[in-house]
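Just so you know, the sequences run in chain order W and P. Numbering-wise, the working numbering puts 92 at position 21 of the first sequence, and it's gapless, one number per residue. Numbering-wise, the working numbering puts 150 at position 79 of the second sequence, and it's gapless, one number per residue.
Number of protein chains: 2
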Amino acid sequence: MKSKPTTVLSARAVLAISRALSDPRRYEIFRHIAAESCTACSDLRSALPITAATLSHHLKELESCGLIELARRGKFVDVTFCRSAWDAYLTELKQI
Amino acid sequence: MKSKPTTVLSARAVLAISRALSDPRRYEIFRHIAAESCTACSDLRSALPITAATLSHHLKELESCGLIELARRGKFVDVTFCRSAWDAYLTELKQI
DNA sequence: TCATCACTTAGACAGTTGTCAAACTATCGT
DNA sequence: ACGATAGTTTGACAACTGTCTAAGTGATGA
């Protein structure tokens, strides 16, 4: 009996996630987001020594591989961790 | 009670492995190795469309992050999958 | 010993990527 | 309407990386 209803990830998707995690800064950003589950963009900026432009770039990378979601809320941008994508990724790796 | 006696990976080690897996070709090579558990270098060459030099480069990358081990056996090089490193990596990621 | 085989090293090149400053867009408060 | 705030886009640059060819190393077999 399978207890995981997670989506199956293509090889491309797995690679995209691995690539996203392979940068030190992006990895740290990602861990912050995952730990908080949902953060404001500006919280990340004050927590990490990083330019707004660079943070924006990294967030877009993390979003494009499905690990996070970005949503505008007025002036701000909410960042939410997509645990389902993360679980799917781990499930895929576990098969190795 | 912990059932996993795996080594704890530093953040650097995790990053090194993620980086190693982020290249399409290297990922494919790695999966071959993991599937076979132990292969000869030349088997990989015949299984993948790749130059000897490039393969050598990728194997060294995979070795330097601890995912595989390389051992000379006469003319040949044996490639073995280090499951303990892989398990340690997954354990680390699972904590996210 | 000599040619071949299996792989490594060195060097070069093209493409990618992380980074920042500066200019831009959009929203909020006054 | 205006200025401040939050984030994005653009453009540029340096550093890195994957790839190949060519030359080198070392073992094997005749």
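Positions of the beta carbon are idealized from the N, C-alpha and C atoms, including for glycine.
query, result
"Is the beta carbon of Ile-167/P less than 9 Å from the beta carbon of Arg-102/W?", "yes"
"Cα separation between Ser-127/P and Tyr-98/P?", "14 Å"
"Less than 9 Å between CB atoms is the rule here; does Ile-55/W satisfy it with respect to chain P?", "In the structure as shown, chain W begins at 72 and stops at 167. Residue 55/W is therefore absent and cannot be evaluated."
"Starting from Leu-92/P, find everything on chain W with Cβ-Cβ shorter than 7 Å and list it in chain order.", "Ser-89"
"What are the residues in the stretch 92–107 of chain W lying within 9 Å of chain P by C-beta distance?", "Leu-92, Ser-93, Asp-94, Pro-95, Tyr-98, Glu-99, Phe-101, Arg-102, Ala-105, Ala-106"
"For a contact defined as C-beta to C-beta under 8 Å, what are the partners of Leu-80/P on chain W?", "Neighbours of Leu-80/P on chain W: none; closest Cβ ~13 Å, over 8 Å."
"Tell me whether Ile-139/P sits in a helix, a strand or coil according to DSSP, three-state version.", "strand"
"How many Å lie between Asp-114/W and Ser-108/P at the Cα?", "45 Å"
"Let me see if you follow: with CB-CB separation under 9 Å, is Val-150/P close to chain W or not?", "no"
"Could you check what DSSP says for Val-79/W in three-state terms: helix, strand or coil?", "coil"
"Residues bridged to Arg-144/W by DSSP?", "Phe-147/W"
"When the cut-off is 9 Å and only beta carbons count, does Leu-164/P lie next to chain W?", "yes"
"Opposite Ala-111/P in the DSSP bridges: which residues?", "Asp-149/P"
"Relative to the alpha-carbon of Gly-137/P, which residue among Asp-94/P, Ser-117/P, Arg-96/P, Ala-159/P has its alpha-carbon at the smallest distance?", "Ala-159/P"
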